[in-house]
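To keep things clear, I will list the structure first and then write my remarks on it.
Laid out in structure tokens, this is it:
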């Protein structure tokens, strides 16, 4: 685009002639949309298979799935070697929902947990608002798979201390939970 203001022109992906998005931008948007739709579907299917989510209303999916999905706070894991193991191929995905929140959001999470609220409700801006890492839920078909996700989550959280929602603590092998040691924190 021609720039007459003296500032550097920004590449918007629009073609000069028509001000329409380029074919590359259209393809990228379609790719992202397909990935989001696929991931959303996998998460909702996993939630539908778990009693603690069956009472949820469709209107709650914005807060429970879409907001964390957009903020890259949902991890999906599949069993290893599904091509060699029929049971693994048929197993549903394991989902981890997590947040890295501010001091204020951390306080609100703790208040909700103390009040017995599940699932925890966060504002869209809370999901990536700070350094307090919370593993808010693991949706898995077995204790073994939930425990594996917990062990793997250490890589996602890096050096940060991990706070684990009490519901997640009940889903995983207690011995494995204890072996993860500091900086994993499970008290609320």
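In my numbering, the protein residues as written are 224 to 411.
Here a beta-carbon is modelled for each residue, glycine too, at the ideal position from N, C-alpha and C.
It should be emphasised that the depicted structure is a prediction, and the values quoted were computed from it without experimental measurement.
Could you check the C-alpha separation between residue 369 and residue 247 for me, to the nearest Å? Taking the CA atoms as reference points, residue 369 sits about 39 Å from residue 247.
For residue 323 and residue 242, I'd like the C-alpha separation in whole angstroms. Roughly 38 Å between the two C-alpha positions.
Can you confirm whether the segment 374-394 touches the segment 261-270 when touching is taken to mean that 3 or more C-beta pairs between the two stretches lie within less than 8 Å? Pairwise C-beta distances place the segment 261-270 out of contact with the segment 374-394, as fewer than three of them are shorter than 8 Å.
Going by Cα to Cα distance, which pick from 300, 335, 326, 289 is closest to residue 371? The shortest Cα separation from residue 371 among 300, 335, 326, 289 belongs to 300.
Which residues in the same chain as residue 396 place their Cβ atom closer than 7 Å to its Cβ, once the five residues preceding and following it in sequence are excluded? Excluding positions up to five away in sequence, the list reads 366, 370.
Report the start-end ranges of each beta strand (DSSP E) in the segment 315-369 that is 3 residues or longer and not cut off at the edges. With a minimum length of 3 residues, the continuous beta strand (DSSP E) runs that stay inside the segment 315-369 are 317-324, 355-362.
Among residues of its own chain, excluding the 5 on either side of residue 347, which ones have a beta-carbon nearer than 6 Å to its beta-carbon? In chain order, 290 place their CB closer than 6 Å to the CB of residue 347, counting only its own chain and leaving out the 5 sequence neighbours on each side.
Might you give, ordered along the chain, the residues of its own chain that have their beta carbon closer than 6 Å to the beta carbon of residue 296, omitting 5 neighbours on each side? When the five nearest sequence neighbours on each side are left out, the beta carbons in the same chain lying within less than 6 Å of the beta carbon of residue 296 are those of 321, 322, 350, in order along the chain.
Whole-angstrom distance between residue 245 and residue 284, CA atom to CA atom: Rounded to the nearest whole angstrom, the CA to CA distance from residue 284 to residue 245 is 32 Å.
Answer with buried or exposed for residue 388, where buried requires no fewer than 16 other C-beta atoms within 10 angstroms of its C-beta. Result: buried.
For residue 287 and residue 250, I'd like the C-alpha separation in whole angstroms. Pairing residue 287 with residue 250, the inter-Cα distance amounts to about 28 Å.
Length of the line joining the Cα atoms of residue 375 and residue 333: Roughly 24 Å between the two C-alpha positions.
Any heavy atom of the ligand FAD closer than 8 Å to the Cβ of residue 268? In the structure shown, the ligand FAD is absent, as is every other ligand, since no ligand is present at all.
By how many angstroms is the C-alpha of residue 398 removed from the C-alpha of residue 253? Roughly 44 Å separates the two Cα atoms.
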